[in-house]
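With the UniProt record's numbering applied, the sequence shown covers 1 to 403. Have a look at the structure below before the remarks.
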Amino acid sequence: MTDPRRFFTDPGFDFETRIALGAVRYGLAEAGEVLATAATITDGDLDGWFDAWTATATRLRAAAEAAEAAGQPVSAREAWLRAAKYSGMANFFVLGTRDPSRVGPAWEWHRACAERGFALFPNARRVAIPYEGVTLDGWWFSGGEGPRPLAIINNGSDGTIVDMLGQGVVAATDRGWHALVFDGPGQGAALYRSGLPFRPDWEAVIAPVVDFALARPDTDAARVALIGISQGGYWVPRAAAFETRLAAAVADPGVTRVWSSWFDGFPPEVLDLFRAGDKAAFDAAMTEGMKEAPARLRFELAKRAEPYRISSVFDLLTELRRYDLTGIADKIRCPTLVLAPENEAFWPGQSQELFDALTCPKALLPFTAAEGADGHCEPMAPALRSARVFDWLEALPRTAPGA
């Protein structure tokens, strides 16, 4: 799209910069730091991006350590969170830099900043959610004493856990809700520490998360909402189709076919090989094509494939076909809100498709360019987004889940 508000011509750089500016509202960034750092980066230079944001994050980490040593916990928390945000931005492109092997250590550096910041919230506690013989790392943010409604914030394919503060955590606790964030398979600690890949049957992930939440005496069992961000707009409806203990589900945006954003990027002749089931020819064509492909294209494939942990692109596309809500969305029974941002980049039109497929109580919530709230997950309007989401949630009648 033609947009006079662009910060970079590189769409990835521009999108990440927009997210950072939106995050200012929730204390995860400062506009001056974002613009000053962005001004040092050559458009499209992945190494330059990584180095610039890492430098800003390193400076803030030092400031956080100094503030903490001086007994200034609020200043320390603010600096830790910004260090976490900026290092997460750096890491987004690390697989395309001169040393992609830094991805694990860089993530650990980022996560340490996030956890040091989270620990300085008076209402936050780290939690471990039992899951298939291991645990999923998460954080519980209390909205106050006594049983209260709970918002479970479900991340997407490549966001960080610190981003979830601006995607619903602060908005929830400001309204007296508890909030729970966690790393599911393929996300954050589950990916980098436990090696767990994405899975399409997300109900197997959400069931133990809900078990954990309902075992707490401070959870209002009749008011548990599941909110999905980005690819979480697939996972949340998928889980809601089978998890009957949810009072509500929110998808931002609605995603009915995760695989479509992948298939759209392949040449027709290569897709013909895939559809013919010719794995050897398909993978050979991909291997040969990647030798001549621009470095940026090779990075994008590596980045998107990373959480699936499948080396063969043929096998990956085969697995992706399972990420589809056809014949599943109409099984959802809880009230469901579908966000529909104008200029959705990854799954255009699918919010409407999901809304049309639902047979439960439902609402479609548009966000427009005219109000500065367009684009994937409304990056520059997080407060507006959260206000509308929680206004909808709080207006729902109180009924027993599954009724």
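Glycine included, C-beta positions come from ideal geometry on N, C-alpha and C.
Where residue i sits in the DSSP three-state scheme
{"i": "Asn91", "result": "helix"}
{"i": "residue 439", "result": "Outside the modelled stretch of the chain, which goes from 1 to 403, sits residue 439, for which no answer is possible."}
{"i": "residue 417", "result": "No statement about residue 417 is possible, as the shown extent of the chain runs from 1 to 403 and does not include it."}
{"i": "Ala215", "result": "coil"}
{"i": "Leu120", "result": "coil"}
{"i": "residue 408", "result": "It is not possible to answer for residue 408, since the shown part of the chain is limited to 1 through 403."}
{"i": "Gly156", "result": "coil"}
{"i": "Phe198", "result": "coil"}
{"i": "Arg309", "result": "coil"}
{"i": "Pro149", "result": "strand"}
{"i": "Asp220", "result": "strand"}
{"i": "Arg102", "result": "helix"}
{"i": "Arg82", "result": "helix"}
{"i": "Gln167", "result": "coil"}
{"i": "Thr2", "result": "For Thr2, the pLDDT reaches just 43, beneath the cut-off of 50, and the residue's location in the model is therefore unreliable, although a value from the coordinates is still provided. DSSP places Thr2 in coil when its eight states are reduced to three."}
{"i": "Leu35", "result": "helix"}
Beta-ladder partner(s) of residue i, from DSSP
{"i": "residue 413", "result": "Residue 413 lies beyond the residue range present for the chain, which begins at 1 and ends at 403; the question has no answer from this structure."}
{"i": "Trp139", "result": "Arg126, Val181"}
{"i": "Ala249", "result": "Leu226, Thr336"}
{"i": "Ala363", "result": "Leu337"}
{"i": "Arg257", "result": "Asp324"}
C-alpha gap between residue i and residue j, whole angstroms
{"i": "Ile152", "j": "Thr287", "result": "40 Å"}
{"i": "Met1", "j": "Gln231", "result": "With a pLDDT of 37 at Met1, under the threshold of 50, the modelled position of that residue is not reliable, and no figure is offered here."}
{"i": "Thr244", "j": "Val224", "result": "11 Å"}
{"i": "Phe118", "j": "Leu271", "result": "45 Å"}
{"i": "His178", "j": "Asn154", "result": "14 Å"}
{"i": "Asp211", "j": "Thr58", "result": "38 Å"}
{"i": "Glu292", "j": "Tyr192", "result": "30 Å"}
{"i": "Ala88", "j": "Trp107", "result": "It should be noted that the sequence gives Gly, not Ala, for residue 88. Answer to the nearest angstrom: the Cα atoms are 7 Å apart."}
{"i": "Phe274", "j": "Pro185", "result": "26 Å"}
{"i": "Ala276", "j": "Thr318", "result": "12 Å"}
{"i": "Lys279", "j": "Asp315", "result": "8 Å"}
{"i": "Trp259", "j": "Glu344", "result": "16 Å"}
{"i": "Ala363", "j": "Asp356", "result": "10 Å"}
Nearest candidate by alpha-carbon position, reference residue i, set the options
{"i": "Arg6", "options": "Ile227, Arg275, Asp43", "result": "Asp43"}
{"i": "Arg111", "options": "Glu65, Val134, Lys85", "result": "Lys85"}
{"i": "Thr336", "options": "Phe121, Phe212, Pro253", "result": "Pro253"}
{"i": "residue 443", "options": "Asp14, Thr9, Val94, Asp10", "result": "Nothing about residue 443 can be read from this structure; the chain reaches only from 1 to 403."}
{"i": "Leu354", "options": "Ile332, Gly166, Gly375", "result": "Ile332"}
{"i": "Leu393", "options": "Arg125, Ala251, Ala69, Phe242", "result": "Ala251"}
{"i": "Phe346", "options": "Ala20, Gln187, Arg102, Gly233", "result": "Gly233"}
{"i": "Gly146", "options": "Thr368, Asp220, Val258, Glu269", "result": "Asp220"}
{"i": "Trp53", "options": "Leu150, Ser75, Ala90", "result": "Ala90"}
{"i": "Val127", "options": "Ser351, Val34, Glu33, Arg216", "result": "Arg216"}
{"i": "Trp202", "options": "Phe121, Pro341, Val236", "result": "Val236"}
{"i": "Asp51", "options": "Phe8, Arg102, Val338", "result": "Arg102"}
{"i": "Ala329", "options": "Arg238, Asp45, Thr40", "result": "Arg238"}
{"i": "Ala36", "options": "Asp47, Leu46, Thr56, Leu180", "result": "Thr56"}
{"i": "Arg98", "options": "Ala79, Leu46, Gln72, Tyr323", "result": "Leu46"}
Residue j beta carbon less than 9 Å from that of residue i
{"i": "Ala249", "j": "Cys334", "result": "yes"}
{"i": "Arg388", "j": "Leu365", "result": "yes"}
{"i": "Phe390", "j": "Arg148", "result": "no"}
{"i": "Lys303", "j": "Gly159", "result": "no"}
{"i": "Phe92", "j": "Glu30", "result": "no"}
{"i": "Ala190", "j": "Asp137", "result": "yes"}
{"i": "Leu226", "j": "Ala204", "result": "no"}
{"i": "Val255", "j": "Phe282", "result": "no"}
{"i": "Cys360", "j": "Gln167", "result": "no"}
{"i": "Leu21", "j": "Ala247", "result": "no"}
{"i": "Ser142", "j": "Phe198", "result": "no"}
{"i": "Arg309", "j": "Gly195", "result": "yes"}
Residue i beta carbon near the ligand SAM (any heavy atom closer than 8 Å)
{"i": "Thr135", "result": "Only the bare structure without any ligand can be found here, which leaves the ligand SAM out of the picture."}
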